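Student: Below is the structure I would like to discuss, written out as structure tokens.
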Amino acid sequence: MDEYEKLEEKLKELYEIYVVKFRNLAYLQQLQLEIERADRQKQAESERTMRQVVEKMRMDLTSQDDVIEEEVPPINQERRGCEFFANIFFIGSSRVAVVYVKEAIKR
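Numbers 161 to 267, taken from this note's numbering, label the letters of the sequence shown in order.
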């Protein structure tokens with residue numbers, strides 16, 4: 161019987177360790193779920209804020225376009241026939257644009 165009691169005592173110790181580990185695991189899983197939920201809420205709030213900013217920028221641009229269209233004089237009919245050429249090339253890591261404007265004078 162002595163061996164049986166030793167094994168029973170060992171089983172109790174192992175079960176206590178198992179219970180502690182199970183509780184720790186359950187706690188950590190719950191904590192992980194809460195963190196994931198908070199992250200999803202932050203992401204949704206960030207997306208809502210970004211959408212609001214984009215919509216505000218669109219409205220600002222639309223109102224600016226309306227103002228600019230009212231302020232811009234009509235296009236000079238003589239300059240309508242102008243030709244425009246542009247070459248872009250790289251020097252080192254810098255981009256350089258060369259623009260040629262050739263006017264076609266209508267007579």
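Glycine included, C-beta positions come from ideal geometry on N, C-alpha and C. Predicted model only: the values in this text are computed from it and were never measured.
Measuring straight from C-alpha to C-alpha, what distance separates Y178 and E207?
Tutor: In the sequence shown, residue 178 corresponds to position 18, counting from 1. In the sequence shown, residue 207 corresponds to position 47, counting from 1. Each residue's Cα considered, the two are about 43 Å apart.
Student: Determine the direct distance from the alpha carbon of L171 to that of F182, and round the result to whole angstroms.
Tutor: Indexing the sequence shown from 1 puts residue 182 at position 22. Indexing the sequence shown from 1 puts residue 171 at position 11. So the alpha carbons of these two residues sit roughly 16 Å apart.
Student: So, with DSSP's three-state summary, where would you put M161?
Tutor: Numbered from 1 along the sequence shown, position 1 holds the residue referred to as residue 161. In this structure, M161 counts as coil in the three-state DSSP scheme.
Student: Measuring straight from C-alpha to C-alpha, what distance separates Y197 and L167?
Tutor: Along the sequence shown, read from residue 1 onward, the residue named residue 197 stands at position 37. Along the sequence shown, read from residue 1 onward, the residue named residue 167 stands at position 7. For the sequence presented, residue 197 should be read as Arg rather than Tyr. Going by the C-alpha atoms only, they are around 45 Å apart.
Student: Suppose you measure from the CA of E169 to the CA of Y187; what does that come to, to the nearest Å?
Tutor: One-based indexing of the sequence shown puts residue 169 at position 9. One-based indexing of the sequence shown puts residue 187 at position 27. E169 and Y187: Cα-Cα distance of roughly 27 Å.
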